[in-house]
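K.L.:
I am attaching a structure below and will ask some questions about it afterwards.
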Amino acid sequence: MRPGTLSVGECSSSTSLSSHQDIDDDRMIAVALTEEYAKLDGGVARRLSNLAPIAHTPRVNLYIPTQSDASLEYHRLLQRLNVYGLHEVKVSGDGNCQFRALSDQLYKSPEYHKHVRKDIVKQLKDYRSQYEGYVPMKFSRYYKKMAKSGEWGDHVTLQAAADKFAAKICLLTSFRDTCFIEIVPQSQTPKRELWLSFWSEVHYNSLYEIQDVPVQQKPGKKHWLF
Numbered sequence: 001m002r003p004g005t006l007s008v009g010e011c012s013s014s015t016s017l018s019s020h021q022d023i024d025d026d027r028m029i030a031v032a033l034t035e036e037y038a039k040l041d042g043g044v045a046r047r048l049s050n051l052a053p054i055a056h057t058p059r060v061n062l063y064i065p066t067q068s069d070a071s072l073e074y075h076r077l078l079q080r081l082n083v084y085g086l087h088e089v090k091v092s093g094d095g096n097c098q099f100r101a102l103s104d105q106l107y108k109s110p111e112y113h114k115h116v117r118k119d120i121v122k123q124l125k126d127y128r129s130q131y132e133g134y135v136p137m138k139f140s141r142y143y144k145k146m147a148k149s150g151e152w153g154d155h156v157t158l159q160a161a162a163d164k165f166a167a168k169i170c171l172l173t174s175f176r177d178t179c180f181i182e183i184v185p186q187s188q189t190p191k192r193e194l195w196l197s198f199w200s201e202v203h204y205n206s207l208y209e210i211q212d213v214p215v216q217q218k219p220g221k222k223h224w225l226f
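Read in full-length UniProt numbering, the sequence shown has 16 at position 16, and its numbers run on one by one without any break.
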């Protein structure tokens, strides 16, 4: 969720040793899980096969919708989910929603978002020439900012995620004129698809066919209002 729009949680950043240990633990668990969930599930793709995706342009977040506009966008997204028989796994609106949604698609749990963020930031740093042209600030400042927990992901981090995980990332959006966006790896053939819903410029969730929704434990603290 975007702070100041329909905020439901507070951003936080930690550089403690325990936080680094948590990320290392996440990495070990995620490596084990990714082998189990690496096969491409084409269920959502089949449901949206009649939609033509638009070309993706990486960009940072610049536009913050008003509460009225955000409400209209949310109802438009709900209508599209109903039309295509799709289900959102709703992740916390704590500033990490893009990374939580990607984590859920990769590992069937949003709880590995720290590991996902760390991998994406490393991709940005290691291949800066592929991304810095889309960032209207000093690039080192951008990726250091993006490394902080609670910092909102944008379309540049989505491109870095597609490149890092060799995945085609598909967004069912709430945009009035753009229902479906694809982000593909820049230099390799995608090995899998990751499906996200995008309440435009407000929130990301993980997207499934209804019968394929993974069973998840209830979070200890509820951030999501809808």
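In this text, a Cβ means the ideal position worked out from N, Cα and C, and glycines have one as well.
Let me know the secondary structure DSSP gives Asn96 once reduced to three states.
P.N.:
coil
K.L.:
So, with DSSP's three-state summary, where would you put Asp131?
P.N.:
Here residue 131 turns out to be Tyr, not Asp, going by the sequence shown. Note: Tyr131 maps to coil in three-state DSSP.
K.L.:
Exposed or buried, what is Asp212 when buried is set at 16 or more other beta-carbons lying within 10 Å of its beta-carbon?
P.N.:
exposed
K.L.:
Buried or exposed: Gln79, going by 16 or more other Cβ atoms within 10 Å of its Cβ?
P.N.:
exposed
K.L.:
Using the rule of at least 16 other Cβ atoms within 10 Å of the residue's Cβ for burial, across every protein chain shown, is Asn82 buried or exposed?
P.N.:
exposed
K.L.:
For Leu194 and Ala160, which I take to be in contact (beta-carbon distance under 8 angstroms), what is that distance rounded to the nearest angstrom?
P.N.:
About 13 angstroms; that fails the 8 angstroms criterion.
K.L.:
What do you get for Ile210, buried or exposed, if any count of 16 or more other CB atoms within 10 angstroms of its CB means buried?
P.N.:
exposed
K.L.:
Would you tell me roughly how many angstroms separate the C-alpha atoms of Arg141 and Glu132, rounded to the nearest one?
P.N.:
Rounded to whole angstroms, Arg141 and Glu132 show a C-alpha spacing of 11 angstroms.
K.L.:
Would you say Gln159 touches the ligand SAM, meaning its beta carbon is less than 6 angstroms from a heavy atom?
P.N.:
Because no ligand of any kind appears in the structure shown, any question about the ligand SAM cannot be addressed here.
K.L.:
Near Pro190, which residues of its chain fall below 8 angstroms by C-beta distance, leaving aside the five closest residues on each side in sequence?
P.N.:
The answer, listed in chain order, is Ala162, Ala166, Ala167, Lys168, Val184.
K.L.:
Over what stretch of residues does the beta strand (DSSP E) that includes Ala167 continue unbroken?
P.N.:
167–173
K.L.:
Are the beta-carbon atoms belonging to Leu196 and Tyr208 less than 7 angstroms from one another?
P.N.:
no
K.L.:
Quick one: what's got a C-beta closer than 8 angstroms to Leu172's C-beta in the same chain, skipping five residues either side?
P.N.:
Leu48, Leu77, Arg80, Leu81, Tyr84, Leu86, Cys179, Phe180, Trp195, Leu196, Ser197, Phe198, Leu207
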